[in-house]
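No gaps in the numbering here: position 333 of the sequence shown is 332 in numbering that gives the first Met the number 0, and each next residue is one more.
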Amino acid sequence: MGNISQCCENSKLQATIFDLNEENKKLKKRESDEQHSKEQLKILYDKLLSEKEASNILITNQLNILKNDNISLTQRNERLKARLIDGCQDKAALDFLAQEYEEKLKKLDSEYSSKIQELSAETQKLRVELMLLTDSHKRRILWGALKYMKKYSLQNLSASIDRWKEILEDPEHLETEGSVMFKTIEFDVTSIYDDDDNKVNQAGVKAALDMLSEEQKATISENPLMIYYEAHRGRGEKPMSIQNVFRFFEEMLDKKYEADCADLEAKRAPRTMPDYMMDHLIRVYGLKKIAHKALCQIIPTLEELNKKRHSLGILFSRLIQVIHHDPIPYQLALFLTKARIEFNKLVTNALKDMKTRNIEAKAGKSDNDGAAFLIDVMNLIYNLFDTDRGSRGKAISLLKPERFTSEQFMVFRICHKIIRMGETAENVFAGFDVDRKDNEISRDQLIEGMRKELELAMPEDEATILFNVLDPKNTGKISRDTFLQKIDIKSHYENCKSLNLTIKKSKFWMVLIDVYKTVQIKDAAFLMSWFNSQGKTHLNFDEFKNYVLLLDPDLFPEEIQSYYDDGLRLNADASLDGLTSESFCKVIIRESIGGKGVRDFKLKSGGGFAVRSLSRKNSDLNLSQDDIQPPTPKGKHSRRMSGLGAQPPTRSRTPTLEMPTPKHRKRGSFTGLPPPASSKIPIPRSREPTKSPEPRSSQTPEPRYSGFITEMRQSEGVPRTSEEPKSPDEPKSPRFGWQRSREFNIS
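Here's what the structure looks like:
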């Protein structure tokens, strides 16, 4: 029993020990947890302590900022108070001035009220006088009209009586003569369309006219001559005499032609006419001050000539791109300079011929608007437009003399064409008469023969009129005898040198200008119509490249890229997604790709350097005059400048006027700009600016206008032979003619 109880106590004791051990373990675990919590609390305490320090620093900084803001606001408040005080003082001053001006206005109101009443009374008197003058003027006009009608009625009556007498003497003469008005144009085998589907539409014509109008406005606004004149026109300079102005322009154009020859031979693009005129003025007068004074004397004279509608005055104004609303563009100015030299040769020949026949010339060099025989001018037109038959035909049709009826001029043209072909009227009729049955031709044979044999085409209605003239009896056929009677080569030879068949230089120039405008409008309208037919608002590079390669397959890739970049710069919407219709057309026309816009009006040197006009000012390229360098030839093509805005003056693959004068050439061909009269081509002045001009050679001939030069020099108190050296800081001389329009300092 005792052992059993002891065992029970031992087991209880062991259980108690086990419980105590478990309790001890729990206590140790709790102690470790508390130790861990204590460490965590310590970490948290340290963290809160650091945050407290950071918060104290932040609060201190914010407090400093607020103190600074308080100081600045206080200062600003002080300034506003000062401004408020000043404003109050200004208000008081303004109130005083307002009161003073109010009193003055009351005085002026009373004064001008009395003056207005006086002017009203005077206006009534002037109205009465105007009515009297108007009645008197109407009576004078009526009296003049009656005198005019009487004079020409008598002349017409006399002519009718003479005509009646001729009919009585030769009744058959009435049947073979007719008076029909019609016009002809040359058959243009080189159509302005690339295919029958791309026709010029009205929208394209309107867009082309708008584009060319914008180009004209830009040319006038950027003209350096007009800019300088507008800035100095109030100096009261006396206008130069008309004769001296004309002599100056004639001499300048002679020198310009020689300079163009030298530039083209050196593969440089010639200078623009405004640039060359300013340079020529300085070279002639020696002193820049006198040259500028002469410019301020020339332009008023041109203004007066434009008001009087003087033909030569208007042409010279358009040539240097001043005053007139329709300036002559760069390419056409070069062509006219060349054509003027050729026309002057015809004038000289006409004067010699008249002198040989003891005939007094009606118009010569004495009146500055020399005249040449129509037959010679027509031959010149054929030489100038040796490939572009459309331009040639339009030019010849515009040459009709005033005393010629359209019928007579058409017969004259047919005779002239037959002679140029080396044929006779009999052979031409035989060519018309394909059937060769009864020596008669039908209407269709006449039209087809005119087109094939003589390369002349007429509209349907005019062809009908011509047929009726050659068939006065309405038989439906034109007999051989009637045709030979109308197309009389012998009579043509006898009358082609008549004084009534002369063309003045001003009319010749106007004809070339009209033809050039027609060419530009046609080509620009076609390009606009083609662009619109694509159904796109922008043309990407690949589409642009494909089209220009159709126009000119010889273009290099870098040229095409340069043209495309130029077009992007011209986009009115500043888009880089492609070319708009306007920029596309401008690039093609300005660069004359494929001859578009110029055709036979382009001059070309023997080396293949084609003249191209620049499409923008230096300011568009962010270049100064000192940064500009002349173009450097690279291979076949010469590039003016690098960059997006540069337009290389590359050659053209279209027929152009050749610069060299070969020893052997085909009959009737035209070689373009020949060398000057001297055996040596004058060396052009260096394009690099010099500090002082070279002294003039003693062998240099005196200009024909030396009289008014002497007068100008004496008015400035400068000897005739003096030269003004250029100062080191003087702007460089403008020598870059390949730039269409630019800015330079001429003050």
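Using N, Cα and C, we set each Cβ at its ideal position, and we do this for glycine too.
As the structure is a computational prediction, the values presented were derived from the model and not from experiment.
Does DSSP classify residue i as helix, strand or coil?
| i | result |
| --- | --- |
| Thr15 | helix |
| Leu455 | strand |
| Glu590 | coil |
| Ile477 | strand |
| Thr536 | coil |
| Thr501 | strand |
| Ile440 | strand |
| Leu211 | helix |
| Leu62 | helix |
| Leu57 | helix |
| Leu578 | strand |
| Glu8 | helix |
Please go through the same chain and pick out, in chain order, the residues whose beta-carbon is closer than 6 Å to the beta-carbon of residue i, but skip the five residues on each side of it.
| i | result |
| --- | --- |
| Met272 | Leu318, Ile319, Ala332 |
| Ile587 | Leu526, Lys595 |
| Ser4 | none |
| Asp470 | Ile477 |
| Gln13 | none |
| Phe384 | Ser390, Arg391, Asp599 |
| Asp387 | Arg598, Asp599 |
Verify whether the separation of the beta carbon atoms of residue i and residue j is less than 9 Å.
| i | j | result |
| --- | --- | --- |
| Ile374 | His415 | yes |
| Leu578 | Phe543 | yes |
| Gln242 | Asn367 | yes |
| Ala293 | Leu280 | yes |
| Val763 | Gly369 | No statement about residue 763 is possible, as the shown extent of the chain runs from 0 to 746 and does not include it. |
| Ala769 | Thr501 | Residue 769 lies beyond the stretch modelled for the chain, which goes from 0 to 746, so this question has no answer here. |
| Ile477 | Glu452 | no |
| Ala230 | Cys584 | no |
| Phe334 | Leu379 | no |
| Leu304 | Val321 | no |
| Pro299 | Thr218 | no |
| Gln444 | Asp437 | no |
Between which two residues does the beta strand (DSSP E) carrying residue i extend?
| i | result |
| --- | --- |
| Ala370 | 370 to 372 |
Compute the minimum distance between the beta carbon of residue i and the heavy atoms of the ligand NAD, and state whether it is under 8 Å.
| i | result |
| --- | --- |
| Lys399 | The ligand NAD is not part of the structure shown, which contains no ligands of any sort. |
Leaving aside the five residues before and after residue i along the sequence, list all residues of the same chain whose C-beta is less than 7 Å from its C-beta, in chain order.
| i | result |
| --- | --- |
| Lys51 | none |
| Glu214 | none |
Answer with buried or exposed for residue i, where buried requires no fewer than 16 other C-beta atoms within 10 angstroms of its C-beta.
| i | result |
| --- | --- |
| Gln201 | exposed |
| Lys521 | buried |
| Gln828 | Because the chain is modelled from 0 through 746, residue 828 falls outside the range shown and cannot be assessed. |
| Asp553 | exposed |
| Leu19 | exposed |
| Arg598 | buried |
| His324 | exposed |
| Leu107 | exposed |
| Glu590 | buried |
| Asn222 | buried |
| Met449 | buried |
| Gly593 | buried |
What are the boundary residues of the alpha helix (DSSP H) that residue i is part of?
| i | result |
| --- | --- |
| Ile512 | 504 to 532 |
| Gly389 | 388 to 397 |
| Cys414 | 405 to 420 |
| Ile313 | 310 to 318 |
| Ala258 | 241 to 264 |
| Lys472 | Here Lys472 belongs to no alpha helix (DSSP H), and DSSP marks it neither H nor E. |
| Ile559 | 556 to 569 |
| Glu302 | 287 to 306 |
| Pro223 | 223 to 231 |
| His279 | 272 to 284 |
| Asp352 | 329 to 355 |
| Phe384 | From DSSP, Phe384 is part of no alpha helix (DSSP H); its letter is neither H nor E. |
| Lys489 | 488 to 494 |
| Ala424 | 424 to 431 |
Can a CB atom of chain D be found closer than 9 Å to the CB of residue i?
| i | result |
| --- | --- |
| Lys46 | The structure shown contains no chain D, having only a single protein chain. |
Which same chain residues, not among the five before or five after residue i, have their C-beta less than 8 Å away from its C-beta?
| i | result |
| --- | --- |
| Val376 | Phe342, Leu345, Leu398, Ile502, Phe507 |
| Asp572 | Thr579 |
| Ser310 | Asp368, Lys503, Ser505, Lys506, Met509 |
| Asp750 | Residue numbering for the chain in the displayed model covers 0 to 746; residue 750 lies beyond these limits and cannot be assessed. |
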